[in-house]
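Student: Numbering (my numbering), first residue to last: 61 to 280. Backbone N, C-alpha and C fix where the C-beta goes; we use that ideal spot for every residue, glycine too. All values derive from a computational prediction rather than experimental measurement.
(1) Residue 147: which of 183, 120 and 164 sits nearest, CA to CA?
(2) Whole angstroms is fine: what's the gap from residue 64's alpha carbon to residue 142's?
(3) Residue range of the alpha helix (DSSP H) that residue 123 falls in?
(4) Counting only C-beta atoms, is residue 155 closer than 9 Å to chain D at any point?
(5) On the criterion of 16 or more Cβ atoms from any shown chain inside 10 Å, does residue 121 qualify as buried, or is it exposed?
(6) Can you grab the Cα-Cα spacing for the pair residue 77 / residue 216, in whole Å?
(7) So the candidates are 165, 256, 87 and 193; which of them puts its Cα closest to the Cα of residue 239?
(8) Do you know offhand how far residue 193's Cα is from residue 204's?
(9) For residue 75, which residues from the same chain have a beta carbon less than 6 Å from its beta carbon, with the 5 sequence-adjacent residues on both sides left out?
(10) Closer than 7 Å by C-beta to residue 271: which residues in its own chain qualify, once you throw out the five before and the five after it? Chain order, please.
(11) Can you grab the Cα-Cα spacing for the pair residue 87 / residue 196, in whole Å?
(12) What distance in whole Å lies between the Cβ atoms of residue 207 and residue 108, which are believed to be in contact at a cut-off of 8 Å?
(13) Flag this pair as yes or no: are the beta carbons of residue 124 and residue 161 separated by less than 9 Å?
(14) Determine, using beta carbons only, whether residue 132 and residue 264 come nearer to each other than 9 Å.
(15) Find the nearest neighbour of residue 130 within the set 104, 159 and 94, judged by alpha-carbon distance.
(16) What is the residue span of the alpha helix (DSSP H) that residue 161 lies within?
(17) CB-CB under 6 Å to residue 110, same chain, minus the five flanking residues each way: which ones, in chain order?
(18) Distance check for residue 254 and residue 180, CA to CA, integer angstroms please.
(19) In terms of DSSP beta bridges, what is residue 72 paired with?
(20) Which residues bound the beta strand (DSSP E) around residue 259?
(21) Leaving aside the five residues before and after residue 175 along the sequence, list all residues of the same chain whose C-beta is less than 8 Å from its C-beta, in chain order.
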């Protein structure tokens, strides 16, 4: 099973057609898109995790919490004979995706999972890859441009609902303090430089085992 996730370009609230808006303080809407890759992209396979700049920053806790919520719901919906391996794809942004918080979150999920035994997280080379969420973002932003004014988050939500399943922070999902949990678990420095890795591979049989590779062919 292939799963991709990425954050859309920040959207301002309010969005106005007059030039005065550039001199006013706007609140940004953040949108994390997590999707199951398939030939025909359906709304059920595309999940949008949204929150406002005034509520939370756009950091590792927010992204890892959204991905964790997605995986937990995937676990609940997975059939007994379904795939047992997940391939994750994201960019290499260190403050959001490529860090120990995401790594330990995936390990923790796999440790408690009864339906998945492997998670392989790929970080494609920047400038040499194309992420499926970008295609969805393009369609969404085309719909945004058709509206001269957007005055509230709900107007963004209505457009997002046309392209996937909407989840609003504190209503449909919550941000967990995964950073503190990671600090408590990792008592010493990692024996490898995480920013240099292109694949982080986690598997679980009797216990969770972690592998890293700085090439796309070097993992077990």
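Tutor: Result, derived from the coordinates:
(1) Residue nearest to residue 147 within the set 183, 120 and 164 is 183 (criterion: CA-CA distance).
(2) 18 Å
(3) It spans 120-137 - the alpha helix (DSSP H) in which residue 123 sits, taken as one unbroken run.
(4) No chain D appears in the structure shown, which is made up of a single protein chain.
(5) buried
(6) 16 Å
(7) 165
(8) 16 Å
(9) 210
(10) 261, 279 and 280
(11) 23 Å
(12) Not confirmed; about 17 Å, so no contact.
(13) Yes; because the gap between Cβ atoms is below 9 Å, this pair is in contact.
(14) No, Cβ-Cβ distance for residue 132 and residue 264 is not below 9 Å.
(15) 94
(16) 160-172
(17) Within the same chain, residue 110 has close Cβ partners 91 and 228.
(18) 14 Å
(19) 88
(20) 259-264
(21) Annotation for residue 175: 135, 138, 140, 142 and 144 place their beta carbon closer than 8 Å to its own, counting only its chain and skipping 5 residues before and after.
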